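To start, the structure itself, in structure tokens.
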Amino acid sequence: MNCLDCHQADASDVDAIQHEGFTIATIVSPKDCGRCHVVETEQNSSSVHANAVSLITDRMPVMAANLGGKAIIDAGCAQCHGSEVKVKGDGTLDTATWPNSGIGRINPDGSKGSCSSCHGRHAFSKAQARDPASCMRCHSGPDSPDRAIYEASKHGMAYFAHKEKMNLDSDSWIAGKDYVSAPTCVTCHMGAAGKLPSNHDVGMRNAWNLNTPVSEKQYLVMYEDGDKSEIPASQPVPDRGTEHTKIDGSAGKVKVVVTPDRRRKAMRMVCLECHGKNFATSFMDQFDSVVELYNEKFGKPAQSIMLDLYDKGLLTPAPFDEPIEFTYWELWHDEGARARHGAAMASPNHTWWEGMYLVSRNFYSKFLPQVRAVAGDEADVLISRYVSDVKEHHGWLDNPEKGNPILGYGTRKAGDD
Amino acid sequence: MIKFAVPAIITRRVVTALVIAFGSGVVFMLMLIEFDHQTSTEEFCTTCHSMELTASPYRQSSHYMPISGVRASCGDCHVSEGVLSATLDHVMGTKDLFKQLFGPDYDNPVVNNLHLPEAAFKAREWFRKRDSETCGRCHVQEAIVGSRADTAKIHQEDAVGKSCIDCHINLVHRKVPGKETFKRDAWNRMIEEEFGLEPGMADKILKGEVEPPEITADLN
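Chains as they are written, first to last, in our numbering: chain W, -13 to 403; chain U, 420 to 639.
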């Protein structure tokens, strides 16, 4: 391999420059990598990773521009999600958009993604890409707390203790065959395991969407042209062979629809390389139950109340110009995501103390009081309808006299401290 | 005693004429040298206001203020070695003077920048045709050792068949892409953005369809 194998360009390319007598481009896009790595590029090109910019285009102006500013979009959002790289007339790359290794970067050649996001240039180390640290650059912090969750899980515990047995540099890296010590992010989300082939579409095995106000199981629609869409289970799922509108608004012919169950089965195949069937199924049950609990007890009521407040004109449509909008955002986006991710990846601490406990504390002690402040006389109706009347989850509020000796007022028994 | 027979044709007048001719020739050559010297200075070149726009980035470059204290002036790079070549360069260079007087308003930064790429391509071609000989006034290829491991190797092995200018462009003046990768459209859009012009204005200005906006050059 030499420089030109990757950096070669046609003089007509938007970002072509002349360098030491050669025509090259600074940016090596997935299109360039795909000259050799055909399958990987194809798999990634329609993945949720490659669409990381498209997916937040609507949200960015509000979230980052209003609360932050352009500098934050460039140095924050876009460094993980990707920038839309702008080439200036003198051949240089606009400094606001480059350097950038965001995984959904929109490249001058029109391709989406950045292989170097995980496969750091210029070593392209397999070991580095397979190491959870590669994912953690972005998957950490309040909205994607996977770093802390993985580190606190049994899987992470095993990985850090046995890293040298992970065979991270091996050409073949099949869980159960080439390594058994621990799974990394790659193992479960895209790695080969037993008969399950590896896949560079990182979201394929995800049965749930865990980063929405209310989680839904999701169908994966694959189109004839290779594009993909995620369809929440509550929405109509298109049939094979029919036309369907993609996320970007264009039409695509549906080739395959993958049900959430099938996606779950793929993920479960990874588990089965180390765990028994019952173990894996029961773990998934525990995870699903947490997601459903979050949905029913907090996610749906909070969402319904917020929508009603907007409908009634008690809140302005602009997000984040009222305190309760921050409260709600943090409830589902930060705390709620942490609880759900915590359960998905088996960190008890993040499932409860760092997750659902914070959701609960927020919901009862901040969100509902703010609803009362915003809605005034109308608050009681709203809260009864979505909260107090849902006895299964909130019935405990009807028994204010039921004390607890440690957590509140109550009769202490001898021996209690 | 040996006596030289002087041919009858060499009269006193002829000798006088030859002496005068020789003297005039010497004076003329000295004048050319002085002329070439005087017209190669930064001070002379920037008597045309448009050249200030070219000189401004030069004054930020390492050829103007290097740590070594050696300064390359306009003519050091852009005027050939040898009095005849140097004079020819200056004679050819008068076309720039004609363009300045009768061509577009190069003093206007918009016009100047829109025309800059072609000027850069011509200048590079000039260097290439002469195998970058004026670089050799200061730089000696064999002496390029550098402090990094590969510098010497690159300038010996990789440089075979290449001229300095093939790699070393955009050292001194405003960055202009290589001719082969240059895109006029993208360049025009950049200039429009830089000077806050409506998209499409640059093309019209180049065609002479609209007057360029009054903009005073910011030379800092």
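The beta-carbon is built from N, C-alpha and C at its ideal position, and this holds for glycine as well.
Quick caveat, the model's predicted, so the values are computed rather than measured.
Asked	Found
Looking at chain W, is there any beta carbon in it that lies within less than 8 Å of the beta carbon of residue 622 of chain U?	no
Quick one: using the 10 Å Cβ neighbour count with 16 as the cut-off for buried, is residue 575 of chain U buried or exposed?	exposed
Exposed or buried, what is residue 195 of chain W when buried is set at 16 or more other beta-carbons lying within 10 Å of its beta-carbon?	buried
Would you please state the rounded distance, in angstroms, between the beta carbons of residue 285 of chain W and residue 357 of chain W? I believe it to be under 8 Å.	15 Å between Cβ atoms; not a contact.
Which residues of chain W have a Cβ atom closer than 7 Å to the Cβ of residue 600 of chain U, listed in chain order?	-3, 2, 3, 4, 9 and 77
Which residues of the segment 563 to 590 of chain U have a Cβ closer than 8 Å to any Cβ of chain W? Give them in chain order.	577, 581, 585, 586 and 588
Pair every Cβ in the segment 96 to 114 of chain W with every Cβ in the segment 147 to 165 of chain W, then say whether three or more of these pairs are closer than 8 Å.	yes
Counting only beta-carbon separations shorter than 8 Å, does residue 609 of chain U have a partner in chain W?	yes
For residue 9 of chain W, does the three-state DSSP call read helix, strand or coil?	strand
Classify residue 231 of chain W as helix, strand or coil using the three-state DSSP reduction.	strand
So what's residue 204 of chain W in DSSP terms, helix, strand or just coil?	strand
Anyone know if the C-beta pair for residue 30 of chain W and residue 99 of chain W falls short of 8 Å?	yes
Using the C-alpha atoms, what's the distance from residue 505 of chain U back to residue 455 of chain U?	6 Å
Taking residue 56 of chain W as the query, report the chain U residues whose CB atoms sit under 9 Å from its CB, ordered along the chain.	Chain U residues near residue 56 of chain W: none, gap ~16 Å exceeds 9 Å.
Is the separation between the beta-carbon of residue 124 of chain W and that of residue 16 of chain W shorter than 8 Å?	no
Taking its Cβ as the centre, do 16 or more other Cβ atoms sit within 10 Å of residue 24 of chain W, making it buried, or is it exposed?	exposed
What's the gap between the Cα of residue 327 of chain W and the Cα of residue 616 of chain U?	50 Å
Find out if the Cβ-Cβ distance for the pair residue 246 of chain W, residue 219 of chain W is shorter than 8 Å.	yes
Find the nearest neighbour of residue -8 of chain W within the set W/11, W/288, W/320 and W/96, judged by alpha-carbon distance.	W/11
Quick check on DSSP: helix, strand or coil for residue 193 of chain W?	coil
Cβ closer than 8 Å: which chain U residues qualify as neighbours of residue 72 of chain W?	Under the 8 Å cutoff, chain U gives no residues; its nearest Cβ is about 10 Å from residue 72 of chain W.
Out of curiosity, what's the CA-to-CA distance linking residue 565 of chain U and residue 82 of chain W?	33 Å
Could you tell me how far apart the beta carbons of residue 191 of chain W and residue 252 of chain W are, in whole angstroms, since I believe they sit closer than 8 Å?	5 Å
Report the neighbours of residue 594 of chain U on chain A: residues whose CB is nearer than 7 Å to its CB, in chain order.	No chain A appears in the structure shown, which is made up of the protein chains W and U.
With a CB to CB cut of under 6 Å and the five nearest residues on each side skipped, what residues in its chain are close to residue 450 of chain U?	none
Which residues of chain W have a Cβ atom closer than 8 Å to the Cβ of residue 606 of chain U, listed in chain order?	75 and 76
Mind checking residue 187 of chain W: buried by the 16 CB within 10 Å criterion, or exposed?	buried
Taking only beta-carbon atoms, is residue 615 of chain U less than 8 Å away from chain W?	no
Any beta carbon from chain W within less than 8 Å of residue 619 of chain U's own beta carbon?	no
Starting from residue 137 of chain W, trace the alpha helix (DSSP H) both ways and give me its first and last residue.	132 to 138
Using three-state DSSP, classify residue 308 of chain W as helix, strand or coil.	coil
Does the distance from the C-beta atom of residue 583 of chain U to that of residue 554 of chain U stay below 8 Å?	yes
Just to confirm my understanding: we take residue 319 of chain W, look at its own chain, exclude 5 residues before and 5 after, and list those with CB closer than 6 Å. What are they?	129
Using the rule of at least 16 other Cβ atoms within 10 Å of the residue's Cβ for burial, across every protein chain shown, is residue 390 of chain W buried or exposed?	exposed
Count the other CB atoms within 10 Å of the CB of residue 85 of chain W; is the residue buried (16 or more) or exposed (fewer)?	exposed
Would you verify that the beta carbon of residue 488 of chain U is, or is not, closer than 8 Å to some beta carbon of chain W?	no
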